[in-house]
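Below is one structure, written out as structure tokens; comments come after it.
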Amino acid sequence: MCLLKVYLEGGESGRRLVTQDVAFVSESDGEVKDIDLKEVVLKGVDIVLIDALDSILILRERT
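Per this note's numbering, the sequence shown starts with residue 44, numbered consecutively.
Below, the structure written as structure tokens:
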């Protein structure tokens, strides 16, 4: 099974890890939900890249 690490890109802060061991992600109305043992809702983000080979998901803050 491929579990993802989720990174958020934004402004001058660069890229930071926001959650890991993500098994399921859904996108709806600009919200990305991590549904594993917990739920993390990130509003105002866009998916930039899903890399299953390296197990990463990169999100970017909307401006």
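Glycine included, each C-beta is placed from N, C-alpha and C at the ideal position.
Query, Result
"Where residue 46 and residue 88 are concerned, what is the direct C-alpha to C-alpha distance, given to the nearest angstrom?", "20 Å"
"Between residue 111 and residue 101, which are expected to be in contact by the criterion C-beta below 8 Å, what is the C-beta distance as a whole number of angstroms?", "The displayed coordinates of the chain run from 44 to 106. Any statement about residue 111 would go beyond what the structure contains."
"Use the C-beta contact count for residue 77: other C-beta atoms within 10 angstroms, 16 or more gives buried, fewer gives exposed.", "buried"
"Specify, as a first and last residue, the run of the beta strand (DSSP E) that residue 69 falls within.", "68 to 71"
"Report yes if the C-beta distance between residue 63 and residue 48 is below 8 Å; otherwise report no.", "yes"
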